[in-house]
Amino acid sequence: MSRSEEHQPSRRRVVMGALVLGAAAGTPGIARAATLGTPQEAAAPAAPRAAAKAPAYANPLVRRRADPHILKHTDGYYYFTATVPEYDRIVLRRSRTIGGLATAAESVIWKKHTSGDMGAHIWAPEIHFIDGKWYVYFASAPANDVWKIRMWVLENASANPFAGTWTEKGRIVTPVDSFSLDASTFTHQGTRYLVWAQSNPDVGNNSSIYLARMANPWTITGPQVEISRPTYDWETRGFKVNEGPSVLQRNGRVFLTYSASATDANYCMGLLTASADSDLLAAASWKKSPQPVFTSNDTTKQYGPGHNSFTVAEDGRTDLLVYHARQYKDITGDPLNDPNRHTRVQALGWRADGTPDFGVPVADAAARDTTAATRFTMTAFTNSSESNMYVYQSSDATTYTLLKGPAYTPPSGLIRDPSVIKHTDGYYYIVYTTNWTGNTIGFARSRDRVNWTFVRDHTLPVAGLERTWAPEFFVDDGGGVHIVVSLDTTSTPDYVFRPHLLTATNASLSSWTTPTPLKGLDTANYIDTFVVRHAGQYHAFTKQETTKYIEHATAGSLGGPYTFRGTGDWAGWGSWREGPALVRLDNGGWRIYFDGYTEQKYYYSDSLDGFRTWTPIRELPGLTGFARHFTVWKETV
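As numbered in the numbering used here, residues 4 to 640 make up the sequence shown, in order.
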């Protein structure tokens, strides 16, 4: 979070000890800049912590949860809490494994007040177990003054934080009363400390990092010491911010990460380092890395990584970095109103000199079963033949190799636009366009994707049906099989199509309902409609036959009504595109393939944010210029 209250005190209420202690650094009260691992650091650190091979975690781990905090407790559970995008409650999950947190039940342990204190901006909760009790630290503001943000504490005496009662211990009172947030706590050499972010009224920044001793889990004692303030360019983009501190003690040193700049793609992480033998309340003990240690990365498509915490992997040895980031760079409006900061986790590396190596934020990826592999099967017709089907396979949805070609030729007619699924009976099925005119669609099946057998031509009982094109399978969550097909009837001018839906009424796929128009897509000339289900919505990607653009519509049910979300060149794919087909990638994103038929090229584009944005189109290697209007079936083998 990076907002400061509008009206701050003009002067401090007390003189901070850091002003004197930091004088030797040349800048009062802030850390000196030093390169990690230089002789300026404490001598003779302990041997570097060796990281064992970390498990493969799915990322994002938890969607729409920012400022994540994971605690591994002595009971064997990982406890997870984070900021929810509504900023109105504190949630808690637990699991025996890190990966299990993704699907663990989430409990609301506290809600904001309807008026008065703790009535707005419930931010950055952390959960800690101190002296036999659970504590949650969080930031909030009064309902009537939403930027007057301060730090607060909840307590629960139950051994199980999901049971018992969470009581409000009150506000953490700081010697300087100004915008403050992101409280965290740790012990060092028998002393408990609070570290947090707070606006420094003397310099007018959004927040600096402060440190103080604690008298008890909700009270600080003695001076609050400013150990870092935003001075570098990378700390002052959008806002002048140092916030979200987190401490890791390793190799004879105390490492303190923090986040800097505005909460958009400029958000990044910095690092302070102190010797374990130094006085942590002396600002001169802390040395700041002159460069950020964790930043946005265009290659992995992760933006604004920050507000981290640390935990340890299931092996008990591997340090893990827990943080949030977005899957896209461009944000409309205030970044704080964009909900898509997702929790991520990755192994933290260590250099030979005992300093942490953060690397880059990893790309989104599903957890992989090492005994299994993903296989993408493609069925296509070609530029050279519309009477033969070719079958390809890939492990990455990009590089396809020929499995067999031709693999199937129907007993008569054409095989255009073949759509493939694997059915519950163990067979692979294709449905396809049988001819340029007529009222039938064709079916064939295979056990091995190599040897195909004709099943039947199915006649669609639609009055005045002239053309039956581009049938596309859709399999629902319960295994039900549907087909979306483009129909041209005598009720419309020639070559004006409407998408229709038919549903299998038996397991053998030999009986089908009468086709019915897809509501919302039946008022203009739409063809090649491909539907997927994502995040509780049905998404239709369909070619507007008049403009030649692929457009995007959504609905709450498969049959509609559909509402258009993207029209014209909304995704930057250009016109004269057809035959869209989508497949879910291992990283959780979606890939769309489409035929640039006038150019005789085949393209693809990816979305990692639920169809909000798309990557620039690329030609499909090896098949562009040869394959035509295909679909892809993904499975684990």
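C-beta atoms are modelled at their ideal positions from N, C-alpha and C, and glycine is treated no differently.
Only a predicted model underlies this, so the values are computations on that prediction, with no experimental measurement involved.
TODO: Assign R354 to one of two classes, buried (16 or more other C-beta atoms within 10 Å of its C-beta) or exposed (fewer than that).
DONE: Result: exposed.
Open item on the list: Once the 5 residues before and after T303 are set aside, which same chain residues still bring their CB inside 7 Å of it?
Closed with: Around T303: V363, P364, V365 and A366.
Task: Per-residue DSSP class, three states only, for P583 - done: Assignment of P583 by DSSP, reduced to helix, strand and coil, places it in the strand class.
Open item on the list: Quick check on DSSP: helix, strand or coil for W237?
Closed with: Three-state DSSP puts W237 in a helix.
- [ ] Please report how far the alpha carbon of T41 lies from the alpha carbon of V296, in whole angstroms.
- [x] Note that T41 has pLDDT 28, beneath the 50 cutoff, so the model's placement of it is unreliable and the number below is only indicative. Here the alpha carbons of V296 and T41 stand approximately 16 Å from one another.
Task: Inter-residue spacing [alpha-carbon to alpha-carbon] between I125 and A142 - done: Answer to the nearest angstrom: the Cα atoms are 6 Å apart.
TODO: Determine the closest residue to T106 out of P421, A61, I130 and Y498, with distance taken between C-alpha atoms.
DONE: Per the C-alpha coordinates, the member of P421, A61, I130 and Y498 positioned closest to T106 is A61.
TODO: Whole angstroms is fine: what's the gap from T634's alpha carbon to V94's?
DONE: Answer to the nearest angstrom: the Cα atoms are 41 Å apart.
Open item on the list: Suppose the cutoff is 7 Å on Cβ atoms and the five residues either side in sequence are ignored; what does the same chain contact list for H76 look like?
Closed with: In its chain, beyond the 5 residues on either side, Y82 and F132 have a beta carbon closer than 7 Å to the beta carbon of H76.
Task: Between the CA atoms of W593 and D609 - distance to the nearest angstrom - done: So the two alpha carbons sit approximately 6 Å from each other.
Open item on the list: Between the region 505-522 and the region 562-570, can you find at least three pairs of beta-carbon atoms closer than 8 Å?
Closed with: Short answer: they touch.
- [ ] With a threshold of 16 other CB atoms inside 10 Å of the CB of D491, please say whether the residue is buried or exposed.
- [x] It counts as buried.
TODO: Indicate, with yes or no, if the ligand FAD has a heavy atom lying under 7 Å from the CB of Y82.
DONE: You won't find the ligand FAD in this model; it holds no ligand whatsoever.
TODO: Mark H72 as exposed unless 16 or more other C-beta atoms lie within 10 angstroms of its C-beta, in which case mark it buried.
DONE: Buried.
Task: Nearest to Y552 (by Cα), restricted to the options F567, A69, D70 and G571 - done: It is G571.
- [ ] Give me whichever residues DSSP pairs with Y213 in a beta bridge.
- [x] DSSP output for Y213 lists W199 and E229 as bridge partner(s).
TODO: Could you tell me which of Y411, N391 and A376 sits nearest to S398, measuring between CA atoms?
DONE: Selection Y411, N391 and A376 evaluated against S398 yields A376 as nearest (Cα-Cα).
- [ ] Would you please verify whether the beta carbon of K115 is less than 8 Å from any beta carbon of chain B?
- [x] Included in the structure is just one protein chain, with no chain B present.
Task: Paired residues, beta bridge with V487 - DSSP - done: V487 is bridged by DSSP to E475 and L504.
TODO: Measure the beta-carbon distance from T382 to I433 and round it to whole angstroms, keeping in mind my assumption that it falls under 8 Å.
DONE: Indeed, because the Cβ distance is near 6 Å, the residues count as touching under 8 Å.
- [ ] Under 8 Å by Cβ, that's how I've got S231 and W289 pegged, so tell me the actual separation to the nearest angstrom.
- [x] About 7 Å separates the two Cβ atoms, so the contact holds.
TODO: Consult DSSP for L561 and reduce its assignment to one of helix, strand or coil.
DONE: L561 falls in the coil class under three-state DSSP.
Open item on the list: Tell me which residues share the same chain as P619 and place their Cβ nearer than 8 Å to its Cβ, disregarding the 5 neighbours each side in the sequence.
Closed with: Once the five neighbours on either side are set aside, the close Cβ partners of P619 are G575 and S608.
Task: Residue interval of the beta strand (DSSP E) (run including V156) - done: Here the beta strand (DSSP E) through V156 covers R153 to N159.
- [ ] Please list, in chain order, all residues of the same chain as V149 whose beta carbon is under 7 Å from its beta carbon, the five residues on each side excluded.
- [x] The answer, listed in chain order, is A123 and H124.
TODO: Can you tell me which of the three DSSP states N340 falls into?
DONE: Taken through DSSP and simplified to helix, strand or coil, N340 comes out as helix.
Task: Whether P474 touches T436 by CB criterion (8 Å) - done: It is a contact, given that the beta carbons lie within the stated cut-off.
- [ ] Evaluate D420 with the Cβ neighbour count: other Cβ atoms within 10 Å of its Cβ, from every protein chain shown; 16 or more gives buried, anything less gives exposed.
- [x] Buried: at least 16 other Cβ atoms inside 10 Å.
Task: Helix, strand or coil at G408 according to DSSP, with G and I counted as helix - done: Looking at G408 - three-state DSSP - the assignment turns out to be strand.
TODO: Could you tell me which of G102, V87 and T380 sits nearest to I112, measuring between CA atoms?
DONE: For the residues G102, V87 and T380, the minimum Cα distance to I112 belongs to V87.
TODO: Assess, as a yes-or-no matter, whether the region 243-253 is touched by the region 206-219 under the definition of 3 or more beta carbon pairs within less than 8 Å.
DONE: The answer is yes - the region 243-253 touches the region 206-219, with three or more Cβ pairs under 8 Å.
Task: contact_flag[the region 533-547, the region 471-488] where n(CB pairs < 8 Å) is 3 or more - done: Contact between the region 533-547 and the region 471-488 is present, with at least three C-beta pairs closer than 8 Å.
- [ ] With a threshold of 16 other CB atoms inside 10 Å of the CB of T545, please say whether the residue is buried or exposed.
- [x] Flag for T545 reads buried.
Task: Cβ contact (3+ pairs, closer than 8 Å) linking the region 462-480 and the region 408-415 - done: The region 408-415 and the region 462-480 do not touch, with fewer than three beta-carbon pairs separated by less than 8 Å.
Task: Cβ separation of Q396 and T385, assumed to be a contact under 8 Å, to the nearest whole Å - done: Cβ-Cβ separation between Q396 and T385: approximately 16 Å, too far for a contact (criterion under 8 Å).
Task: Outcome for T471 when other beta-carbon atoms lying within 10 angstroms are tallied against a minimum of 16 - done: Residue burial annotation: T471 is buried, with at least 16 other C-beta atoms found within 10 angstroms of its C-beta.
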